[in-house]
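First comes the structure, then the notes that go with it.
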Amino acid sequence: MKFKCENQQEFVIGGYTNPQGERKGFGALLIGFYDQEGLQYAGKVGTGFTDSMLQKIKTDMTEVAQENCPFQHPGSLPSKEVHWLQPKMVCEVAFTEWTKTNKLRHPRFLGLRKDKPAKKVVKEM
């Protein structure tokens, strides 16, 4: 038998991409964590959502929309069809590991975290 180790932690939602194909709501969440410089991009998460979650989260995100990218180094971000958000929403994400460039490998959405302030979200490992 083969077992896959999985990590999980909270991330701040800083934006989202448009849905592709038959998908409704949004394509993927752009997520990050805070360090001494500000909000750092950690990757995008596009799996783990039910159809109803996609619609509910999209509705929540429209309330915190903004024009500017909240991440510190936007050069590593997707540039097409991205919608930026005030960094107020927090989500829990499972992933296999961190890459050498501090990006998530195989992220999967687990749920929103309404109990944790976004400014307290830091890289845990």
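Residue numbers 1 to 125, in this note's numbering, belong to the letters of the sequence shown in order.
Even for Gly, the Cβ is constructed at its ideal location relative to N, Cα and C.
Supposed close pair residue i, residue j - CB separation, criterion 8 angstroms
i, j, result
"D35", "V122", "7 angstroms"
"R108", "G21", "Their Cβ separation, rounded to whole angstroms, is 19 angstroms, which puts R108 and G21 out of contact at 8 angstroms."
"L104", "G32", "Actually they are not in contact, since the Cβ atoms of L104 and G32 sit about 10 angstroms apart, beyond 8 angstroms."
Counterpart residues of residue i in DSSP-defined beta bridges
i, result
"I57", "Per DSSP, none; premise fails for I57."
"V121", "None; V121 has no bridge partner."
"G25", "Partner(s): none; G25 has no beta bridge."
"G43", "I31"
"L104", "W98"
"C69", "Partner(s): none; C69 has no beta bridge."
Assigned secondary structure, residue i (DSSP; H/G/I helix, E/B strand, else coil)
i, result
"G75", "helix"
"D51", "helix"
"T17", "strand"
Contact check, residue i vs residue j, beta carbons under 7 angstroms
i, j, result
"T96", "H106", "yes"
"V93", "F26", "no"
"E150", "Q72", "The question about residue 150 has no answer, for the chain in this structure spans 1 to 125."
"V82", "G15", "yes"
"V64", "Q86", "yes"
"L54", "K80", "no"
Environment of residue i [buried if 16+ CB atoms lie within 10 Å]
i, result
"P192", "The requested residue 192 is not part of the displayed model; the chain covers only 1 to 125."
Interface flag, residue i vs chain D, CB-CB below 7 angstroms
i, result
"G43", "Absence of chain D from the displayed structure is noted, only one protein chain being present."
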